[in-house]
Amino acid sequence: MFANPMILFIQVMNSLSLAMNLFIIAAGLTLIFGVLRIVNFAHGAFYMVGAYVALSILRVTGDSNLGFLLGVLGAGALMGAMAFVVERGLLSRLYDKEHMLQLLFTFALVLVIKDLVKMIWGSGQYSIGAPPFLRGAVNLGISPYPKYALFLCVMGPIIAVAIWFFMERTRWGRILRAAREDRVMLNALGTDVKLVYSGVFVTGAALAAMGGALAAPRSAVDPGMDSLVIIDAFIIVIIGGLGSLLGSFVGALILGFLTVMGSIYLKEWVIVASYVMMVVILLVRPWGLFGKADEERH
Amino acid sequence: MTSRPQLIFLACLFLALLAVPFLGSRYLTELAVQVMIFSLLALSLNILVGHIGLVSFGHAAFFAIGGYATAFFLTRWQLPLAAAMPMAVLLAAAFALVIGVLCVRLKAIYFAMLTLAFSMLVWGIIIKWKPVTGGDDGFVGITLPGMLASPQSFYWFVLAVVGASTALMWLLSKSTMGQIFVAIRENETRASFLGVNVRQMQLIGFVLAALFAAIAGSLMAMYLRGMYPQSAFWTQSGHIVISVLLGGVHSFVGPILGASLLYLLEVTIHQYTQYWPLVMGLILLLVVLVLPEGLIELFRKLYARLGRK
Chain S
21 MFANPMILFI QVMNSLSLAM NLFIIAAGLT LIFGVLRIVN FAHGAFYMVG AYVALSILRV
81 TGDSNLGFLL GVLGAGALMG AMAFVVERGL LSRLYDKEHM LQLLFTFALV LVIKDLVKMI
141 WGSGQYSIGA PPFLRGAVNL GISPYPKYAL FLCVMGPIIA VAIWFFMERT RWGRILRAAR
201 EDRVMLNALG TDVKLVYSGV FVTGAALAAM GGALAAPRSA VDPGMDSLVI IDAFIIVIIG
261 GLGSLLGSFV GALILGFLTV MGSIYLKEWV IVASYVMMVV ILLVRPWGLF GKADEERH
Chain D
0 MTSRPQLIFL ACLFLALLAV PFLGSRYLTE LAVQVMIFSL LALSLNILVG HIGLVSFGHA
60 AFFAIGGYAT AFFLTRWQLP LAAAMPMAVL LAAAFALVIG VLCVRLKAIY FAMLTLAFSM
120 LVWGIIIKWK PVTGGDDGFV GITLPGMLAS PQSFYWFVLA VVGASTALMW LLSKSTMGQI
180 FVAIRENETR ASFLGVNVRQ MQLIGFVLAA LFAAIAGSLM AMYLRGMYPQ SAFWTQSGHI
240 VISVLLGGVH SFVGPILGAS LLYLLEVTIH QYTQYWPLVM GLILLLVVLV LPEGLIELFR
300 KLYARLGRK
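And the structure:
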């Protein structure tokens with residue numbers, strides 16, 4: 021592979037494009053864990069809903085650039101709205117309960133959402149085409165490369181920088197970071213922590229749904245698409261450190277490269293390699309590459 | 000819950016199960032077999048969740064290992080059942096020993112994540128190691144020993160194995176070790192101050208839980224005459240946790256109630272709609288939000304009221 025720069029280039033680009041797609045999903049998961057301290061099993065289901073909502077929006081608008089944009093934003097907006105209802109109505113009652121109940125709550129959401137998706141859209145497999153302006157390939161000097169995959173490579177860092185800017189440079193971001201450190205103190209200082217929690221859950225869910233909508237043109241849309249994506253997202257946030265945004269960016273890159281490059285050498289066994297990596301990280305550095313070691317480990 | 004009502008319940012349950020084959024319904028017999036296997040599986044997880052207070056999200060791995068190993072030993076190596084089943088269970092226990100040593104070093108969410116990672120690893124290997132496991136299609140066509148071929152005799156076999164396992168787990172929960180488990184659950188630090196080797200006890204619990212899960216897996220493989228990769232997937236582990244929680248973790252019989260109810264509901268609801276997971280999800284939401292102590296709580300209240308009269 022390394023003898024042929026063209027193939028190497030394409031493999032590197034494929035790794036990046038997969039990594040950035042996974043990052044968009046994992047970012048929401050790590051955001052929710054960082055602030056709410058909840059491991060959201062339903063994150064894959066949110067991702068799936070995003071893909072289906074985009075599919076339906078595209079059916080109405082027809083195959084156009086604007087339709088694709090509306091599909092992605094609409095997926096985020098609709099999932100965000102649903103997440104708001106779920107968080108305010110149900111999840112918020114569990115914040116002071118045991119971890120296991122919160123975990124099972126999100127597991128229940130998986131079961132419910134999966135069947136609702138089957139009811140609404142059926143069990144068949146769909147596909148979404150890339151928007152017209154991202155079809156075909158563009159010549160990158162070394163080799164032509166599909167525009168849509170390139171688009172994902174660009175979108176990942178843009179979203180990463182946007183979240184970083186929001187977290188580190190805005191007033192709202194400061195409140196979120198404070199909520200991550202000490203929710204009781206933040207509440208005592210007069211911030212409406214409940215609102216913060218809702219905001220985080222909604223943002224995380226919207227990110228997952230937009231990730232799903234963006235992933236749709238490169239994979240099939242079917243009711244089983246969530247169950248392995250959630251494990252990939254878990255692997256990423258574990259590598260990077262639960263709650264760390266930078267960590268999930270790096271984790272996504274590692275998993276992206278492992279999956280694409282690894283499949284050349286390991287063939288289909290690459291899926292096992294990614295689980296081995298998750299195990300190894302948890303054993304050696306349970307708080308991940310960018311998490312804090314001194315943090316209470318629960 | 001106190002011991003006596005639970006023992007009475009277990010005794011009644013056992014007597015009822017003794018009567019099942021004489022009702023003459025093959026459907027009922029098969030239903031009871033599955034309910035027993037799922038109850039055993041839920042009971043095994045409760046050693047970890049209820050007694051020691053560790054929530055494993057990868058318990059299905061040991062169920063799957065037990066099942067696949069039994070299938071392999073019986074069919075490929077043509078071993079007699081008396082060798083195949085104990086070997087399969089011991090193999091799962093050996094895996095649990097290695098995995099457990101690594102897992103008990105972590106707490107709460109990290110423990111759950113590591114058990115999840117290991118079970119997905121097992122799932123990945125099952126999917127890809129086609130020559131041994133049959134891959135995606137599962138391990139089909141298990142040769143059963145002749146004496147278990149009829150549904151009747153298989154029923155007695157399952158009842159004997161599940162009954163003995165349950166009795167062992169009951170004795171375990173009442174033993175000194177069981178008391179130590181509960182002490183760890185209630186306050187790990189205090190338990191270690193009292194001289195309990197917390198990690199070691201957690202490991203013993205982990206292996207025991209895996210051992211009984213493997214027995215359940217072994218029975219399931221023989222019942223289905225096959226074993227499928229889905230049995231190790233994370234959703235399967237989730238279902239076991241649900242059964243335990245639905246019944247109630249802080250009692251011995253809770254998981255039996257949970258697993259039985261869940262399975263019987265599944266069978267019933269499947270007759271009307273394909274959307275059983277939706278119903279199960281809604282039940283789970285209800286339990287999590289309204290009845291976090293599980294169904295056993297209802298019985299406890301009822302018992303307390305009866306006792307007062």
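Chains as they are written, first to last, in this note's numbering: chain S, 21 to 318; chain D, 0 to 308. All C-beta atoms in this analysis are idealised placements derived from N, C-alpha and C, irrespective of residue type, glycine included. Values in this document were obtained by computation on a predicted structure and should not be read as measured data.
Here Y227 of chain D carries a coil assignment [DSSP, helix/strand/coil]. Annotation for L206 of chain S: I195, A198, A199, V213, V216 place their beta carbon closer than 8 Å to its own, counting only its chain and skipping 5 residues before and after. The beta carbon of E201 of chain S does not come within 7 Å of any beta carbon belonging to chain D, so the residue lies off that interface. Neighbours of I251 of chain S in chain D, taken as residues at a C-beta separation under 9 Å, are given in chain order as L115, A116, M119, W233. Within chain D, the residues K127 have their CB atoms less than 8 Å from the CB of E288 of chain S, given in chain order. Counted as a single uninterrupted DSSP element, the alpha helix (DSSP H) harbouring A83 of chain D occupies residues 80 to 102.
Using a CB distance cut-off of 7 Å, G134 of chain D does not count as an interface residue toward chain S. In terms of CA proximity to L283 of chain D, S:Q122 leads the group S:L78, S:A71, S:F277, S:Q122. V103 of chain D counts as buried, since no fewer than 16 other beta carbons sit within 10 angstroms of its beta carbon. The beta carbon of Y165 of chain S does not come within 7 Å of any beta carbon belonging to chain D, so the residue lies off that interface. When D:F56, D:V97, D:A31, D:L89 are compared, the shortest CA-CA separation from Q199 of chain D is found for D:V97. Interface annotation for the stretch 243 to 255 of chain D against chain S: L244, V248, criterion Cβ-Cβ distance under 9 Å.
Going by C-alpha positions, S76 of chain S is about 44 Å away from L42 of chain D.
With 16 or more other Cβ atoms from the protein chains shown falling within 10 Å of its own Cβ, M168 of chain D counts as buried. A231 of chain D counts as buried, since at least 16 other C-beta atoms from the protein chains shown sit within 10 angstroms of its C-beta. In the pairwise beta carbon analysis, the stretch 190 to 208 of chain D is classified as touching the stretch 99 to 116 of chain D: at least three pairs are separated by under 8 Å. Only residues of its own chain outside the window of five on either side were considered, and among them V139, G140, I141, L143 have a CB closer than 8 Å to the CB of R224 of chain D, listed in chain order.
Checking the DSSP bridge columns, you'll see Y146 of chain S partnered with S:V241. The alpha helix (DSSP H) runs lying completely inside the stretch 194 to 270 of chain D and spanning 4 residues or more are 197 to 223, 233 to 246, 253 to 269, given in chain order. Cβ contact annotation for S172 of chain D (same chain, cutoff 7 Å, sequence separation greater than five): H50, F251, in chain order. Out of D:M279, D:A209, D:T28, D:A303, the CA that lies nearest to the CA of S152 of chain D is found in D:T28.
Distances from the CA of A47 of chain S to each of S:A272, S:S143, S:V299, S:L160 were compared; the closest alpha carbon is that of S:A272. Residues of the stretch 269 to 280 of chain D whose Cβ lies closer than 9 Å to any Cβ of chain S, in chain order: Q273, Y274, W275, P276, L277, V278, M279, G280. Chain-ordered listing is empty here: chain D has no CB closer than 7 Å to the CB of D246 of chain S, the nearest sitting near 10 Å. Taking every protein chain shown into account, the CB of V54 of chain D has 16 or more other CB atoms within 10 angstroms, so this residue is buried. Residue contact with chain D for V69 of chain S: absent (no Cβ-Cβ distance below 7 Å to any residue of chain D). A straight line joining the alpha-carbon of G137 of chain D with that of L89 of chain S spans about 42 Å. A straight line joining the alpha-carbon of L36 of chain S with that of Q178 of chain D spans about 53 Å. Listed along chain D are Y274, each with a C-beta nearer than 7 Å to that of M139 of chain S. Taking 9 Å as the Cβ-Cβ cut-off, the stretch 112 to 131 of chain S approaches chain D at R113, L114, K117, E118, H119, M120, L121, Q122, L123, L124, F125, F127, A128, L129, V130, L131, given in chain order.
Along the stretch 282 to 306 of chain D, the positions whose C-beta sits under 7 Å from a C-beta of chain S are L283, L284, V287, L288, P291, read in chain order. Taken atom to atom, the span from the alpha-carbon of A182 of chain S to that of L227 of chain S is near 12 Å. Counting only the Cα atoms, A163 of chain D lies some 44 Å from D242 of chain S.
Against chain S, the beta carbon of L39 of chain D has no neighbour under 8 Å; the closest one sits roughly 21 Å away.
Less than 7 Å divides the Cβ of T50 of chain S from the Cβ of S268 of chain S. Following the DSSP letters along the chain, one finds P152 of chain S in no alpha helix (DSSP H), marked with neither H nor E.
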